[in-house]
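This report refers to the structure that appears directly beneath it.
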Amino acid sequence: MIFAVNEDPEVDAEIVDGDKSQVGLGLEANDHIANLQDKYEWFREGLDCYRAAVAVALARGKDKRDLGTVTGKKNKYSVASIDSDGRLKDLIVTFRPDLSDRPYYASEWLAEIGLSIIREELDNGNLLSDILLGPEEVLPE
Amino acid sequence: MYLQNLKMTDFMPYAGTQEVDLSCDPDHPVILIKGENNRGKSSLFAAIRWCLYGKAISRRGNVIPDFELLNDNAFSENRDSFEVQLQFTNDDKAFLLTRTCTIKKDSKGDRTSSNIRTFLQIDNNAVPNDDIPRYVNSALNESISMFFLADMEVLQGYEALVEDDDAASQEVKSAIEGILGTPTLLSIRESLNNITKDTLKEIQNARKANKDQDQITVDLKLQEDKRDRAKEYYDNALQEMQLKKLELASLTDKLEKIADAQDLILREKQLQTEFVKDQTQIDKSRKDLQIAVRESWWAPVAKQVATKVVQTQEALKLAASRQAELTELNFKLDSLKKSLDTNKCSQCGSPLPSENFVKAKSEIAEIEARIKELSQPMKPSLESLLAESQRLGLFAMPRKADSIRTLEMQIRLLMSEIPRRNQAIKEIGQKLVDINRDEIKNMEESRQVLNRRIGVLTQIMKSENQKIQDADKEIASLTRKFTNLNGAVGQSEVNMELSIATDLETVLDKTITAFREAMKSRVEINANDIFQKLRSENVVKNLIINENYGLRQIDDQGNVFDHKGAGVAQIIALSLILALARSAALPSALVLDTPFARLDETHRDNIIKFIPSESKQVILLLQSAEKISPNVENKFRSYVAKEYLISKGSNEHESFINRTVLEK
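Protein chains in written order, with our numbering: chain A, 69 to 209; chain B, 5 to 668.
See below:
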């Protein structure tokens with residue numbers, strides 16, 4: 069097992085095989101999760117928001133550069149709880165082979181971006197189903 | 005009973021059909037039938053008895069079996085039945101009695117049993133079979149027949165019979181009393197006794213009826229109480245219902261006046277119900293949506309995955325195509341090289357022309373260049389493409405993704421109703437701001453309570469009304485029973501009836517005793533009168549009768565004189581028979597078999613002189629040898645209506661009875 073130096077000194081996270089065993093989010097992302105759970109009630113738990121947000125970011129082809137400043141980042145979920153079947157890791161690796169070295173590390177910024185997108189679009193009146201599934205295809209008459 | 009005609013067919017010695025006309029008139033009351041010993045006098049006598057009572061009695065007093073009564077000649081000629089028909093009158097009615105017997109034989113041909121049929125016509129009307137014995141006994145009761153159908157050889161010692169205290173003696177005594185008419189009185193006594201029994205029964209019934217009446221009175225009281233109670237409950241329920249209906253009417257009136265407010269309250273309630281229902285549905289759909297989102301979290305990439313899958317599949321196809329081309333080129337290269345080495349066509353083996361040789365070399369160079377190109381490593385590699393394809397398989401569109409849109413639309417639609425509904429509730433609340441909702445609620449509740457109570461009261465009234473009707477029916481039934489019993493009671497009358505019946509019984513008992521004594525005295529007087537005329541001794545002797553109708557001789561000193569010969573005994577017996585015939589309540593023909601058997605000529609003369617005056621019909625069966633004094637006989641013959649002679653036939657088993665010309 070190789071232990072890497074934690075990039076963010078505020079985040080007290082274990083490093084396993086070069087990647088994270090616990091993932092964290094900044095204050096803004098946490099606020100988004102609280103908002104999505106309390107206001108819209110579309111997600112049962114925060115980790116449901118986390119995973120969906122990663123998928124949204126990947127689908128929208130976002131990069132780490134698209135992420136603004138993250139403050140107040142703290143560990144939030146263990147990798148075992150957000151990716152018990154390894155599917156999250158596979159998804160990141162499939163869509164972003166360049167992130168295959170540390171997919172959970174990448175999942176943090178992907179989630180930050182995805183949560184921001186979901187929050188913004190819902191607040192703008194978009195449908196959750198449009199955000200997650202894309203606009204409904206209208207069949208030609 | 006007076007005999008008119010006797011017809012015998014194959015009966016005892018009388019083979020074939022033989023008929024005896026027994027009719028006579030008051031001036032000629034005597035029928036004389038003569039015959040030697042064992043010729044058939046007693047058989048003729050037996051024929052009369054058998055026809056009347058179905059029994060033929062031997063001289064020894066035994067009943068002869070029926071099958072032995074068939075004439076022997078008839079039996080040997082295979083005739084198996086015999087018959088006796090008797091015509092007689094009784095109480096001015098004409099009787100025709102026919103008795104037929106059919107004999108059965110066993111395998112040896114011996115007589116074994118018989119089957120008897122009897123027919124009786126009275127004045128040409130057939131009598132039902134079961135009634136025949138009753139009608140015959142009414143003409144001449146079997147129990148007294150021994151004195152009217154008298155076999156003197158049997159009867160001569162009759163006193164011994166009456167003196168014994170056995171069943172036979174009792175029978176004789178009863179028979180004597182039967183002749184005298186005592187049974188009629190006894191019958192009246194029995195009827196009276198029955199009346200007393202019936203009266204006692206009536207008294208018991210009356211007592212029972214009284215008990216029943218007491219019970220009915222108690223039952224009536226119970227039923228009346230039941231009815232009164234039901235009536236009371238019914239009236240109470242009716243009264244309460246009238247009050248409740250008034251209350252209900254008043255309440256309904258009040259509620260109608262605030263009907264609008266009631267409608268608004270109702271609408272508000274409906275909206276609140278809808279709200280709760282929608283909220284429940286929203287909560288459920290939201291939970292389902294949350295589950296669908298959890299299980300479809302990678303849905304956002306599903307479309308890209310689909311595109312990637314297509315690309316990967318294209319790349320895999322291309323790789324496969326390159327591999328196939330490479331294989332084909334290698335084969336072709338080998339073939340060309342072989343042709344060049346052997347100078348022969350690789351396909352047909354013919355020598356390779358020189359121009360083809362050049363062309364093949366050029367072709368080999370092209371193929372080698374292409375093989376080199378195709379052998380360059382693919383980017384991405386086939387392995388990575390296969391791995392990619394496998395990974396992409398995990399991210400196809402999730403199964404539950406479709407429900408996300410449906411559920412979200414449903415939730416949004418339901419939620420969009422909430423503000424509109426809240427607004428409506430709010431507006432209703434504003435309209436009802438001055439209305440006392442509690443009061444309306446209380447009034448509604450009161451109305452429901454009143455309606456329920458009225459329903460209950462209706463049921464109570466129906467039930468109590470039914471009870472009243474049932475009790476009324478029961479009272480009517482009990483009253484009828486009571487009235488009927490009243491008719492049956494009258495215990496004082498019954499007591500009086502009993503008293504009269506008991507008194508009558510006492511009187512009748514005394515009368516019977518007196519009658520018995522009187523009749524006994526009469527029999528004694530008549531017997532003495534007859535005895536004095538029949539006897540021949542000069543010694544003054546009288547007969548006295550005892551309790552058992554036994555006749556004893558007494559001398560003039562009143563001493564019992566028991567020593568007597570057979571002839572005297574027969575005279576005494578005959579005296580009794582004739583005395584009874586004189587004293588009989590119902591007179592009847594006298595049939596006397598062998599009346600002179602043990603008598604001397606003097607006594608015979610006495611009897612012959614005397615007997616024609618003793619009955620309207622006297623049938624005498626005499627032995628041919630019995631002689632009577634010529635002067636007596638001449639006088640006697642003037643009373644004879646018909647005379648018959650029984651004579652022997654061609655063999656021992658045959659007798660014939662023929663009427664003879666009267667000797668004058």
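Note that CB positions come from ideal geometry on N, CA and C, so glycine has one too.
Query                                                                                                                                                           : Result
Any idea if B/Ile52 is buried or exposed, counting beta-carbon neighbours within 10 angstroms, 16 or more meaning buried?                                       : buried
Check the Cβ-Cβ distances between B/Gln308 and every residue of chain A, and say whether any is below 7 Å.                                                      : yes
Under the three-state reduction of DSSP, which class applies to B/Asn440: helix, strand or coil?                                                                : coil
Taking 7 Å as the threshold (beta carbon to beta carbon), is A/Ala102 in contact with chain B?                                                                  : no
Is it a yes or a no for the stretch 408 to 420 of chain B touching the stretch 287 to 300 of chain B, going by three-plus beta-carbon pairs under 8 Å?          : yes
Which complete alpha helix (DSSP H) runs does the stretch 280 to 366 of chain B hold, if anything under 4 residues is left out?                                 : 306 to 346
Suppose the cutoff is 7 Å on Cβ atoms and the five residues either side in sequence are ignored; what does the same chain contact list for B/Leu268 look like?  : Ile432, Lys435 and Leu436
Which residue's Cα is closest to the Cα of B/Asn426: B/Lys273, B/Leu90 and B/Asn610?                                                                            : B/Lys273
Taking Cβ positions only, does B/Gln315 come closer than 7 Å to chain A?                                                                                        : no
Going by beta-carbon coordinates alone, are B/Leu396 and B/Val297 separated by less than 7 Å?                                                                   : no
Does the beta carbon of B/Arg403 sit closer than 7 Å to a beta carbon anywhere in chain A?                                                                      : no
At 8 Å on the CB atoms, spell out the chain B contacts of A/Val124, in chain order.                                                                             : Pro304
Under 8 Å Cβ-Cβ, which residues of chain A neighbour B/Ile408?                                                                                                  : Leu196, Ser197, Leu200 and Leu201
Skipping 5 residues on each side, what residues in its chain have a beta carbon closer than 6 Å to that of A/Gln105?                                            : Phe111
Tell me which residues of the stretch 110 to 142 of chain A have at least one Cβ-Cβ distance to chain B shorter than 7 Å, keeping chain order.                  : Trp110, Phe111, Arg112, Asp116, Arg119, Ala120, Ala123, Val124, Leu126 and Ala127
Can you check whether the C-beta of B/Leu386 is within less than 7 Å of a C-beta belonging to chain A?                                                          : no
Just by C-beta distance, which residues in the stretch 145 to 157 of chain A are closer than 7 Å to chain B?                                                    : Arg155
Look up B/Arg115 in the DSSP assignment and give the residues it is bridged to.                                                                                 : B/Lys109
With C-beta atoms as the reference, is B/Gln91 less than 7 Å away from B/Asn9?                                                                                  : yes
Given that A/Glu204 touches chain B, what residues does it touch there, using C-beta distances under 9 Å?                                                       : Arg409
Could you give the first and the last residue of the continuous alpha helix (DSSP H) run that contains B/Gly433?                                                : Ala405 to Lys435
Does A/Leu95 come within less than 7 Å of chain B when only Cβ atoms are used?                                                                                  : no
Look up B/Val222 in the DSSP assignment and say whether it is helix, strand or coil.                                                                            : helix
Span of the alpha helix (DSSP H) holding B/Asp560?                                                                                                              : Counting along the chain, B/Asp560 falls outside any alpha helix (DSSP H), and DSSP gives it neither H nor E.
Helix, strand or coil: how does DSSP classify B/Phe600 here?                                                                                                    : coil
With respect to the beta strand (DSSP E) encompassing A/Gln90, which residues constitute its N-terminal and C-terminal limits?                                  : Gln90 to Leu93
Between B/Ile37 and B/Phe71, how many whole angstroms is the CB-CB distance? I'm expecting something under 8 Å.                                                 : Between B/Phe71 and B/Ile37 the Cβ distance is about 26 Å, and since that is not below 8 Å, they are no contact.
Going by beta carbon distance, what residues of the same chain come within less than 6 Å of B/Glu630, once the five residues before and after it are set aside? : Phe600
So for B/Lys631, helix, strand or coil by DSSP?                                                                                                                 : coil
Taking C-beta pairs closer than 8 Å, name the residues in chain A that B/Phe335 reaches, listed in chain order.                                                 : Per Cβ cutoff of 8 Å: no residues; B/Phe335 is ~37 Å from chain A at best.
Looking at chain A, is there any beta carbon in it that lies within less than 7 Å of the beta carbon of B/Glu412?                                               : yes
Could you tell me the alpha carbon to alpha carbon distance between A/Glu189 and A/Arg164, rounded to whole angstroms?                                          : 24 Å
Residues of chain A with CB closer than 8 Å to the CB of B/Gln294, please, in chain order.                                                                      : Glu109, Trp110, Phe111, Arg112 and Asp116
Check the Cβ of A/Asn183 against every Cβ in chain B and list those closer than 7 Å, keeping chain order.                                                       : Sequence inspection shows Leu at residue 183 of chain A; the Asn mentioned does not correspond to that position. In chain order: nothing, as chain B lies at least about 13 Å away.
Buried or exposed for A/Thr137, please, with buried defined as at least 16 other CB atoms from any protein chain shown within 10 angstroms of its CB.           : exposed
For B/Met12, which of helix, strand or coil comes out of DSSP?                                                                                                  : strand
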